[in-house]
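Sequential numbering of the sequence shown, starting at 1, is according to full-length UniProt numbering. Glycine included, C-beta positions come from ideal geometry on N, C-alpha and C.
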Amino acid sequence: MESTVSITPQLLYAQWGRADERIPSPSRLVLNYKRLPYKTVWVSIHEVASTLRDLGLEPLQGSLFEYTLPIIADPTPSGPPIIVRDSMAIAQYLDKTYPDEQRLAFPSGSQALQALFLNHISSQRSALWPLVIPLIPAMLNEGASQYYYESRGRLWGMPLEQARPTGEKLEAAWEGVKAEFDLLDSFLEKNDVQSGGVGGDFIMGNRFSFADAILVGYFILMSKVKSDEDGIPWERIRGMNNGRWERMWKKCEEFMEVK
């Protein structure tokens with residue numbers, strides 16, 4: 001059954017790139033998957049804090065950064081919009097507010113399992129981020145690039161160009177990334193029909209979920225950065241594990257439209 005919604009959530013998130021290169025976020029994938037109408041307010045990453053303060057939002061507690069995107073502002077019939085922060089909270093809010101059993105980001109009974117998966121992915125990022133984060137300033141506009149370079153450099157305690165391994169250390173880092181994806185692949189093999197699963201290329205087999213939005217969101221980011229030494233990170237990952245990750249990407253392409 002199609003969702004029919006008369007109100008329009010506004011999705012606001014950082015402009016991860018130049019004005020002509022706007023990148024889908026996990027929240028956008030969920031909105032597109034659920035076929036909910038929305039419009040985008042683009043915010044450059046160095047203007048996120050001031051934009052959210054202007055909306056009346058308080059700093060986040062216990063977060064590396066006090067103000068982050070995405071958020072959605074969902075209009076109400078009377079009064080101010082409902083503002084939801086954080087990708088997971090947004091997906092859960094959309095499921096609850098606009099329920100469609102055929103298009104849930106968290107299908108019934110999957111909440112705990114998806115939380116476990118996302119915890120695993122968070123651990124996996126520690127191997128991947130040194131290969132990706134230092135490359136991001138080059139894909140941003142000038143003001144955002146300088147902000148990102150300085151803020152992430154402070155977080156890591158060194159200039160970003162020093163944070164990315166080179167030479168033999170670079171190849172060792174990629175071996176560590178491959179080991180992480182090999183482990184994840186071994187879990188997802190349980191979805192194969194010959195293993196008693198339902199088949200399919202999503203995390204849950206034959207059904208899209210929030211977990212796919214998160215993982216594919218990482219893939220999209222990795223497809224937009226490039227190193228002079230080892231190229232585009234996504235080009236390495238897409239060929240791993242018999243093409244599993246490229247198949248997942250293709251399954252999610254219909255949800256990547258940037259509106």
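Option nearest residue i by Cα separation, candidates the options
{"i": "Arg238", "options": "Asn119, Ile133, Asp185", "result": "Asp185"}
{"i": "Phe65", "options": "Gly79, Asp86, Glu189", "result": "Asp86"}
{"i": "Ala91", "options": "Leu131, Asn242, Ser209, Ser63", "result": "Ser209"}
{"i": "Met240", "options": "Gly56, Gln102, Ala179, Ala127", "result": "Ala179"}
{"i": "Leu31", "options": "Ala105, Ser78, Gln61", "result": "Ala105"}
{"i": "Ser227", "options": "Ser50, Gln114, His46, Leu170", "result": "Leu170"}
{"i": "Pro37", "options": "Gly153, Gly231, Val43, Arg28", "result": "Arg28"}
{"i": "Pro70", "options": "Ile203, Ile214, Ser223", "result": "Ile214"}
{"i": "Pro107", "options": "Asn206, Ile133, Trp156, Lys250", "result": "Asn206"}
{"i": "Pro203", "options": "Ile232, Phe117, Ser223, Gly176", "result": "One detail in the question is off: residue 203 reads as Ile in this sequence, not Pro. Ile203 has its Cα closest to that of Phe117, out of Ile232, Phe117, Ser223, Gly176."}
{"i": "Glu161", "options": "Leu55, Ala138, Glu142", "result": "Ala138"}
N-terminal and C-terminal residue of the alpha helix (DSSP H) that residue i is part of
{"i": "Ala211", "result": "210–224"}
{"i": "Thr51", "result": "48–54"}
{"i": "Lys251", "result": "244–252"}
{"i": "Pro26", "result": "26–34"}
Coil, strand or helix - residue i by DSSP
{"i": "Ser110", "result": "coil"}
{"i": "Ala172", "result": "helix"}
{"i": "Asp201", "result": "coil"}
{"i": "Leu163", "result": "One point to set straight first is that residue 163 is Ala, not Leu, in the sequence displayed. Helix."}
{"i": "Ile237", "result": "helix"}
{"i": "Val258", "result": "coil"}
{"i": "residue 262", "result": "Nothing can be reported for residue 262, as the shown portion of the chain is limited to 1 through 259."}
{"i": "Arg154", "result": "helix"}
{"i": "Gln102", "result": "coil"}
{"i": "Ile121", "result": "helix"}
{"i": "Thr97", "result": "helix"}
{"i": "Ile90", "result": "helix"}
{"i": "Arg148", "result": "In the sequence as presented, Arg is not what sits at residue 148; that position holds Tyr. Residue state, collapsed to three classes: helix."}
{"i": "Ile45", "result": "helix"}
{"i": "Glu58", "result": "coil"}
{"i": "Phe181", "result": "helix"}
{"i": "Ile23", "result": "coil"}
{"i": "Met1", "result": "Residue placement at Met1 is poorly supported in this model, since its pLDDT is 33, which falls under 50; the coordinates are not used for a value here."}
Contact under 8 angstroms by Cβ, residue i with residue j
{"i": "Ile136", "j": "Val225", "result": "yes"}
{"i": "Asp95", "j": "Ile82", "result": "no"}
{"i": "Ile220", "j": "Ile72", "result": "no"}
{"i": "Asp201", "j": "Met248", "result": "yes"}
{"i": "Pro130", "j": "Ala172", "result": "no"}
{"i": "Lys39", "j": "Lys259", "result": "yes"}
{"i": "Ile45", "j": "Tyr148", "result": "yes"}
{"i": "Thr68", "j": "Val48", "result": "yes"}
{"i": "Ile133", "j": "Arg152", "result": "yes"}
{"i": "Cys252", "j": "Val198", "result": "no"}
{"i": "Ala127", "j": "Gly176", "result": "yes"}
{"i": "Glu235", "j": "Thr166", "result": "no"}
DSSP beta-bridge partners of residue i
{"i": "Ser227", "result": "Gly231"}
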